[in-house]
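Reviewing the structure listed below.
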Amino acid sequence: MDLIIDYMLSEKGKILLVHNNYKFYKKHTAKTNICTWMCVNNKCRAKCYTDSEKLVENKNTCFVHTHEEETTLNRQKINNSCKRKAVNSVVEKPSKIIRRELTQHENEGNLLMFDVKLISRNVQNARASCFLKIPKSRKEVHNTLSSINVETNRVEVKILFLIMTV
15 MDLIIDYMLS
25 EKGKILLVHN
35 NYKFYKKHTA
45 KTNICTWMCV
55 NNKCRAKCYT
65 DSEKLVENKN
75 TCFVHTHEEE
85 TTLNRQKINN
95 SCKRKAVNSV
105 VEKPSKIIRR
115 ELTQHENEGN
125 LLMFDVKLIS
135 RNVQNARASC
145 FLKIPKSRKE
155 VHNTLSSINV
165 ETNRVEVKIL
175 FLIMTV
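Residue numbers for the sequence shown follow my numbering, beginning at 15 and rising by one.
Here it is as structure tokens:
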């Protein structure tokens, strides 16, 4: 019996399998192209096997979980895709990215206002991590400026003279 499965990306960009509101990570792939997936909860020993795009049920398949099912999968899917798009396109407004992702997902009605605020804050934090830190001291400013290679539009290297007064 083949069951329908869904895939999502984790916060670190790895592929996760979603089955009955439980997440599985890819453990390994056998020579027969059967992938073994383990539950993301470290204390849970549940695992499943897939052959290309369908679940394979055999006597070794174990779907017994020792924890409750995930209730925030929809928010996690939207959150991860919004963060990834915010880092890739820095000029686009975070609210526009979030709105577009909410319309693309089918269960956006299940999200609360608190969930949308969490997604917005995570998008802003992800985008802030892309930018350079502001120097705190004069010495850091001079070190940064001396490491930058300044070129003109005629590809002439200009020497940047800094008077360091410490």
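Idealized CB from N, CA, C, for every residue including glycine. A quick note: this is a predicted structure, and the numbers were derived from the prediction, not measured.
Asked                                                                                                                                                     : Found
Determine which residues share a DSSP beta bridge with T43 and list them.                                                                                 : C49
Keeping to the same chain, check which residues put their C-beta closer than 8 Å to that of N94; ignore five residues upstream and five downstream.       : M22, L23, S24, E25
Is C13 near H33, with beta carbons less than 8 Å apart?                                                                                                   : The chain is shown only over 15 to 180; residue 13 falls outside these bounds and no answer can be derived.
For K61, report the span of its beta strand (DSSP E) as first-last.                                                                                       : 61 to 65
Between I112 and S134, which are expected to be in contact by the criterion C-beta below 8 Å, what is the C-beta distance as a whole number of angstroms? : 6 Å
Which of helix, strand or coil does DSSP assign to V155?                                                                                                  : helix
Under a three-way DSSP split, which group does F128 fall into?                                                                                            : helix
Can you say whether K131 is buried or exposed, counting buried as having 16 or more other CB atoms within 10 angstroms of its CB?                         : exposed
CA-CA distance, Y36 and N56?                                                                                                                              : 13 Å
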